[in-house]
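Once you know that position 118 of the sequence shown is 150 in my numbering, the rest is easy, because the numbers rise by one and skip nothing. Ideal placement from N, C-alpha and C gives every residue a C-beta, glycine not left out. Bear in mind that the values here come from a model prediction, so they are computed numbers and not experimental data.
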Amino acid sequence: MTERSRLVERVWPPAAVAVVLLGWWTVAAASTPPILLPTPASVVGAVLAEPAAFARATAISVMTAAGGLGLGTAFGLALAFVAVGSAPGRTIVEPAVVGFRIAPLTAVAPLVLLWFGTGIPVRILLVSLMTTFPVTVASIDGLASPPASYLDLLATVDASSWQTFRAVRVPAALPSVFAGVKLGAALAVTGTVVAELLTLRGGLGAGVWAAGRFVRTAELFAYLLVIALFGVSFYGAAALLERGVTRRWGHG
C-alpha cells in the first residue's frame, strides 16, 4: 500500500462523519430558532467577523496548553525516574500523585489563584497539575517493564545501573511515556479552557464565557468548534512527536 493510499484510508472515515454531521446540523438549524442552534454559515460568519479576536484567543490558549503540557511532562518524568530509581520511590510517588490528582482543578484553582495571581504563568501551572498524573503513571509502567532479554544481555557485560537505565529502560519506555503525553495533551486543552474560564483574562475559555454571557450563540458555537479543532491538532502534534522520537531513540 502506497503512502497516498494509506493517507486516504486514514482521512476519509472522519471526513465522512464530518460531512454527515454538517448535513444534520444544517437541516436541524433550519427549523430551530438561531438563539438555540445557529446555522453553520452563521458560525463561520462569527469567526470571519472578528478573526483577530479568535486568533489572539487561540494563541493565548496554545501558549498555555503547550507550557502546561511541557511543565507537566517534566514533572511527570522526574517523578517516574524517582519512583523507578529507588526502592521506596514507587510506594511514595504513586499514592501521592493519585491523591493529588483526585482533587478536581476547579477545587485547587481558587487557592492557586489566590496565592499567585491570574496571569498566564499561573494558568500554565494549573494545566501542569492535570498533565503530570498521566505522564507519571505511564512512565513508571514503561520504565519498570523493560524487555528481560535486553537486561540479561547487559548483565553479561557487567553494565552499570545507569548504563542499563539509559540504554534499555528509557528507550523501551518511550511508547508508554508518549501514551501519557498524548493523554496529557487532551487534558491540557481541557485544563486550559477551565483555567481561562476561572480567570477570564483572555484565551478561548474567556471567549466562551463572554459569548455565553451575552447570548451570542453563533459566536459561542464558533469558540467551541475552535476548541475542538485545537484539541485534535494538539493531540496530533503529540502523536507526530512520538513518531519522530521513537523512530530515532526507541528500540523499534
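Inset, instruction - Assign P120 to one of three DSSP states: helix, strand, or coil. - result: coil
Inset, instruction - Would you mind working out which of T168, P65, E82 and L103 sits nearest I124, comparing C-alpha positions? - result: T168
Legend entry - Beta carbon of P179 nearer than 8 Å to that of A205: no
Inset, instruction - Could you spell out where the alpha helix (DSSP H) holding A227 opens and where it closes? - result: V202 to T231
Inset, instruction - Quick one: residues in its chain with C-beta nearer than 7 Å to the C-beta of W241, no 5 flanking neighbours on either side, listed in chain order? - result: L229 and L232
Legend entry - Residue from I156, S37, R38 and V51 with nearest C-alpha to T105: I156
Inset, instruction - Out of A60, F197, L236 and V52, state which residue places its alpha-carbon closest to the alpha-carbon of L261. - result: L236
Inset, instruction - Tell me whether G239 is buried or exposed, calling it buried when 16 or more other Cβ atoms sit within 10 Å of its Cβ. - result: buried
Inset, instruction - List in chain order: all unbroken alpha helix (DSSP H) runs of 4+ residues lying wholly within the region 112-182. - result: 121-134, 137-148 and 152-175
Inset, instruction - Would you identify the three-state DSSP class for S63, choosing helix, strand or coil? - result: coil
Inset, instruction - Indicate whether L161 and V140 have their beta-carbon atoms separated by less than 8 Å. - result: yes
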